[in-house]
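Asks: Got a structure for you, written out below as structure tokens; questions coming shortly.
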């Protein structure tokens, strides 16, 4: 008899979309921010990012190969590269390599592989790594080099960031501290201190536009976060000028990076548009609360991790609108 | 001093009120559970397999107690624990146990890769229920085993496994508790619970194909073609022929093995018999486990 | 531009045969008529081995209300009544006719002349439905639901408009497109007949705008039919789904099963069915031939063939240049919802809208990866379901969870699996779950 026919159930065609395409799509969207960070932080940024990406990929490979003893390896799907990039973006550019390696181990080992690898982790691995480092090495993690030192690495000169200035203004109840803040254009471009990937809001927004155009993510999460933060911080600013203006709040710190790239992580965000908006609004709210009233100057990472924990609950209660569903009276 | 008195007073009041509330609640909402249920549940295997037809072991225990109050334990059987456990249960409830025949799962299909040619290649989820939706499966047989392993997934005792060589599930009779989960799962009803039989020996028609003889013959080398030779051969009228398919009634079968010889397609198998003297080389122990591993040469 | 609101995907259209005119396929040597060519009770044979039949002779009659007769598409002798493995993949009873000559029943009007509605003032709603039933017409888009049942609204419902499904959203298929280009007048008369049968004065023909020539032609011709409106629709799969089409054309949403389109006052018929209705009523011609698209990237001449029911698929493939060497999968229907055939001698049925040959490389699925919870299936689902959840619930046999989350609303369009970046077999599992849940519900209701 001739060759056997193949039988399977429909559909018989596929969009040819793949995990790889999505993961590398996000990586491509991060390129503008990457270039900006290389421009402002030079060697330091390059070393930190390289160390982070290489160690994340290495740990993913090693854990899958030797601990989980998996036959097929998943490092080519791009998720480890992405975690590495995002972790690196969330670190100051003068961080020693050994700390980065620990961060990568926690991000991949604890944040991702303990739960079974890609798709199973309840928390964003890069943020798990970053928050672990923030709590374990508070001094190294909160001294940020000033921008423009392209040849310096560990020896880079550090200085106050906009976020710490904002915190100081609130603490001293003195709005004049805010005078030292860089102006909005500098914040937009990235001419400011901070974690290496988060400085340029503009570059991150370009990345977001790319992801939206390629339909890698939907608008629901980033827009709801940014809008919530804008409205809340605007209300605070109106009530008392020691709270920074909403535009400054939006452009400073990890807010843009978090809203565009961390909160939109597929695995840890809700599945339905309604759920995604609730998730985004809650992240925005928590971020403003932590930034304004909390002990840390930055609240984005914590807000996202807290809402990650609520994602299963949101998924359970936020169902998409069914076709033909009659609105309840 | 005053402070101490106030504290003592408040705490005392809280304690008093709480104790009253607790007392009232405990009296009002007591659930009287028959203590026998707990004792019966203790002797059950706690596998919670549902093979008895009740939701878990405690459900079965409650049903047993209820049945005992009505007078007998008829029809109640823990397939996992079997006769031994039922005797204990009867002892607790002060009753005599009814006899029941121990059973075992039998996969009634011998459509191995060698016997039943694959006519198409299936590409999709390896599950019988899914495969069923695409048509007859990889072979042309619309009745036999699909080899998707739904029964293996359903078995909580690890008694089933897919034999890589034959592509069919095989039963480890030592582990099989006859809970019937596989029988319920199999979308083609290939698996049957049959009495274990004397010394574990059984005669089984290893086919469930109800196609006409000519069709069945073409589809599979080991299929029952409904020729009826076994029916004529059987001295005990234990074999019936329905819809082109022979069936051996285990109650009537006396294990004479005449039908096995009579079957032109080798569809009737004698399970767990000692090998026939002159023709066999390797001796297969009757209790070596798997059904398909102890096929005897004819 | 109108379309439905929830979900949807846009597969590559690949309408390879859009420009090839409909041509007649040759007569087969032996025609095989499955008795299961429609949903409902199988037809009951009324011929016996050795009987001589003509084109249009009734071979098997309807058994009950939800059933239709089967007519011979060839003239010759009944050689046997046996079983054949049809498109469902199962062996089913069928009537085999050895072809001799091509002699038609005299009652069939074989002329090409178009009979306008005004030419038959004797027609009433009842007589049209009766004629449709006699002619054995079923939904020809692939669902094969008996047509006369749809045209007999159940008690308590009232049809308000008729929507003709000329969307043809399945990639590759062009049979409906060509039919509209070549028989526009007949289709409009057929639409009028359906409207008359159910007593409504509003009819819509929904066409996706990737068929601009058909839209233009029908709009031109429809000027003479003031009650029929041609509705151009945005290109989106699965717009040809009955519920999606109703939502796109009328804006109404059919509630979850067991509600039917008639509950929102709409009756949907496929454009091929509409043509068959015209032929049955005006030409007295039972349904024994249909247009089928035979296509595939490696096929020499992708074509639209007017094939007699019962012709083996292998013959159609030969007429289009023969089976390509690297064929891996042969699909009856389109690539999104069609069924992979087990062998090439499956006969053409009333519901065969296409025959698609995929190469070995196109046929194989990519190995699934873990779900990354990207929610693309959720946004693609046109029924507003959560396919990822239904698939998981089904594979874990949590039938109650699947039922609560609306698995019975699934229309099996395949958008979820099409879009899944992890190549997960979502629909395989959902379909299995749906079948099981439906069986459980039936068992519960009969208790």
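Chains as they are written, first to last, in the working numbering: chain S, 1 to 329; chain R, 330 to 627; chain L, 628 to 1074. Beta carbons are placed, not taken as given, at the ideal position from N, Cα and C, and that holds for glycine.
Check distances from the C-beta atoms of the segment 186–216 of chain S to those of chain L and list, in chain order, the residues that come in under 8 Å.
Replies: Cβ contacts with chain L come from no residue of the segment 186–216 of chain S.
Asks: List the residues of chain S that residue 461 of chain R touches, going by C-beta distances under 7 Å, in chain order.
Replies: Those within 7 Å of residue 461 of chain R in chain S number zero; the least Cβ separation is about 10 Å.
Asks: Closest to residue 274 of chain S by CA distance: which of S/80, S/60, S/322 is it?
Replies: Closest by alpha carbon: S/322.
Asks: Nearest to residue 835 of chain L by CA position, among L/938, L/861, L/913, is which residue?
Replies: Cα-wise, what sits closest to residue 835 of chain L is L/861.
Asks: Is residue 388 of chain R close to chain L, meaning its C-beta is less than 9 Å from at least one C-beta of that chain?
Replies: It does not; no Cβ of chain L falls within 9 Å.
Asks: Quick one: grab the DSSP three-state call for residue 281 of chain S.
Replies: It is helical.
Asks: Using only the alpha-carbon positions, how far apart do residue 249 of chain S and residue 887 of chain L sit?
Replies: In a straight line, the C-alpha of residue 249 of chain S is about 53 Å away from that of residue 887 of chain L.
Asks: Measure the alpha-carbon distance for residue 50 of chain S versus residue 102 of chain S and round it to whole angstroms.
Replies: The alpha-carbon atoms of residue 50 of chain S and residue 102 of chain S are separated by roughly 14 Å.
Asks: Determine whether the beta carbon atoms of residue 225 of chain S and residue 280 of chain S lie at a separation below 9 Å.
Replies: Cβ atoms of residue 225 of chain S and residue 280 of chain S: closer than 9 Å.
Asks: Which residues of the segment 541–567 of chain R have a Cβ closer than 9 Å to any Cβ of chain L? Give them in chain order.
Replies: Flagged, chain order: 541, 544.
Asks: Let me make sure I understand the geometry here. Which of L/903, L/863, L/869 has the alpha-carbon closest to that of residue 814 of chain L?
Replies: Comparing Cα-Cα distances from residue 814 of chain L to each of L/903, L/863, L/869, the minimum goes to L/903.
Asks: Quick one: Cα of residue 883 of chain L to Cα of residue 715 of chain L, how far?
Replies: One C-alpha to the other measures close to 26 Å.
Asks: Mind checking if residue 1055 of chain L is an interface residue toward chain S, Cβ cutoff 9 Å exclusive?
Replies: Yes - at least one Cβ of chain S is within 9 Å of the one on residue 1055 of chain L.
Asks: Based on the DSSP output, what are the partners of residue 1015 of chain L in its beta bridges?
Replies: In DSSP, residue 1015 of chain L forms no bridge with anything.
Asks: Short of 8 Å in beta carbon distance, which residues of its chain neighbour residue 970 of chain L, apart from the five on each side in sequence? Order them along the chain.
Replies: Same-chain partners within the cutoff: 712.
Asks: With 9 Å set as the bound, which would you pick, yes or no: does the beta-carbon of residue 479 of chain R sit closer than that to a beta-carbon of chain S?
Replies: Output row for residue 479 of chain R: interface = no.
Asks: Going by Cα to Cα distance, which pick from S/12, S/175, S/38, S/157 is closest to residue 963 of chain L?
Replies: Minimum Cα distance to residue 963 of chain L is reached at S/12.
Asks: Could you tell me which uninterrupted alpha helix (DSSP H) segments, each at least 4 residues in length, are contained entirely in the segment 448–533 of chain R, listed from first to last along the chain?
Replies: Taking only runs of at least 4 residues, the alpha helix (DSSP H) segments lying wholly in the segment 448–533 of chain R are 457–462, 479–483, 510–514.
Asks: Would you call the segment 165–184 of chain S in contact with the segment 283–298 of chain S, where contact means no fewer than 3 C-beta pairs closer than 8 Å?
Replies: Verdict: yes, contact present.
Asks: Taking one C-beta from the segment 795–808 of chain L and one from the segment 914–925 of chain L each time, how about it: are there three or more such pairs within less than 8 Å?
Replies: Yes, since at least three Cβ pairs between the segment 795–808 of chain L and the segment 914–925 of chain L fall closer than 8 Å, the two stretches touch.
Asks: Between which two residues does the alpha helix (DSSP H) holding residue 393 of chain R run?
Replies: Residue 393 of chain R -> alpha helix (DSSP H) spans 385–399.
Asks: Measuring only the C-alpha atoms, how far is residue 324 of chain S from residue 1067 of chain L?
Replies: One C-alpha to the other measures close to 23 Å.
Asks: Here's a check: name, in chain order, each residue in its chain whose Cβ is nearer than 6 Å to the Cβ of residue 141 of chain S, leaving out the five neighbours to either side.
Replies: Correct list, in chain order: 133, 134.
Asks: First and last residue of the alpha helix (DSSP H) that includes residue 1004 of chain L?
Replies: Run containing residue 1004 of chain L: 1003–1007, per the alpha helix (DSSP H) assignment.
Asks: I need the DSSP call for residue 616 of chain R, collapsed to helix, strand or coil.
Replies: In this predicted model, residue 616 of chain R has a pLDDT of only 45, less than 50, meaning its place in the structure is not dependable enough to derive any value.
Asks: Pick helix, strand or coil for residue 243 of chain S, following the three-state DSSP scheme.
Replies: Three-state DSSP puts residue 243 of chain S in coil, outside helix and strand.
Asks: With DSSP as the reference, label residue 343 of chain R as helix, strand or coil.
Replies: Helix.
Asks: Which of the three DSSP states, helix, strand or coil, is assigned to residue 660 of chain L?
Replies: Of the three classes helix, strand and coil, the one that applies to residue 660 of chain L here is strand, per DSSP.
Asks: Could you name the residues that DSSP lists as bridge partners for residue 986 of chain L?
Replies: According to DSSP, which records beta bridges pairwise, residue 986 of chain L is partnered with L/954.
Asks: What whole-angstrom Cβ distance do residue 574 of chain R and residue 537 of chain R have, given they're in contact under 8 Å?
Replies: Confirmed, Cβ separation roughly 7 Å.
Asks: What does a CB cutoff of less than 8 Å around residue 771 of chain L pick up in its chain, not counting 5 residues either side in sequence?
Replies: Once the five neighbours on either side are set aside, the close Cβ partners of residue 771 of chain L are 664, 665, 666, 765, 976, 977, 978.
Asks: How about residue 117 of chain S and residue 74 of chain S: are their beta carbons less than 9 Å apart?
Replies: Against a cut-off of 9 Å, the Cβ pair of residue 74 of chain S and residue 117 of chain S comes out as a contact.
Asks: In chain order, what residues of the same chain lie with their CB nearer than 6 Å to the CB of residue 1073 of chain L, ignoring the 5 residues before and after it?
Replies: None.
Asks: In whole angstroms, what separates the C-alpha of residue 227 of chain S from that of residue 875 of chain L?
Replies: Going from the Cα of residue 227 of chain S to the Cα of residue 875 of chain L covers about 33 Å.
Asks: Since residue 13 of chain S meets chain R, which of its residues come closer than 7 Å, beta carbon to beta carbon?
Replies: Per Cβ cutoff of 7 Å: no residues; residue 13 of chain S is ~13 Å from chain R at best.
Asks: Is there a Cβ from chain L that is less than 9 Å from the Cβ of residue 441 of chain R?
Replies: Not an interface residue.
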